[in-house]
Amino acid sequence: MKNALQQLLPHSIAVFLLFCISAALYSPSILKGERMRQGDIINFKGMAHETESYYFIEGERPDWTDSMFSGMPTIQITGIGFTTVPKVIWLILRFFMSPEIMTLFMAMLAGYVLALCLKAPPWVAFIIGATYGLASVN
Numbered sequence: 001m002k003n004a005l006q007q008l009l010p011h012s013i014a015v016f017l018l019f020c021i022s023a024a025l026y027s028p029s030i031l032k033g034e035r036m037r038q039g040d041i042i043n044f045k046g047m048a049h050e051t052e053s054y055y056f057i058e059g060e061r062p063d064w065t066d067s068m069f070s071g072m073p074t075i076q077i078t079g080i081g082f083t084t085v086p087k088v089i090w091l092i093l094r095f096f097m098s099p100e101i102m103t104l105f106m107a108m109l110a111g112y113v114l115a116l117c118l119k120a121p122p123w124v125a126f127i128i129g130a131t132y133g134l135a136s137v138n
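Per my numbering, the very first residue in the sequence shown carries number 1; after that it's consecutive.
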């Protein structure tokens, strides 16, 4: 039991520090009540209008739309689709933190897990995760 806790400790510290970095980066704007303006979120209703109209008329959602970018899957527009493990994790985390912090934290966590899968030591994986997440912020 003690050995398992010793193996888990570096990963727990790394995940906590990744969260602290992402929270510190966005804390000034969140404390002021500011939010990031995202074009996809702002224009969502216009993009999903055809799909929603079809749903209200026919009672089922189409899988494809021809009105955007010469056609694309509607799951990319509406966000309604299959439930996957990452989506469930995303929905649970939405209750505990803002979307900005959560997006950066998940990017950092993905980089950390990838580095661990590539057999990097935890401290190297932490650096890789943090730099990957920070590089993905635009």
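Even glycine gets a Cβ: it sits at the ideal position worked out from N, Cα and C.
Small disclaimer: the values here were computed from a predicted structure and weren't measured.
Residue burial annotation: Gly133 is buried, with at least 16 other C-beta atoms found within 10 angstroms of its C-beta. Bounds of any alpha helix (DSSP H) do not take in Met97, whose DSSP letter is neither H nor E.
A direct Cα-Cα distance of roughly 34 Å separates Leu93 from Glu58.
In the three-state DSSP reduction, Thr65 falls in the strand class (E or B).
Note that the region 49 to 64 does not touch the region 18 to 32; fewer than 3 beta-carbon pairs, one per stretch, sit closer than 8 Å.
Rounded to the nearest whole angstrom, the C-alpha separation of Pro10 and Asn3 is 12 Å.
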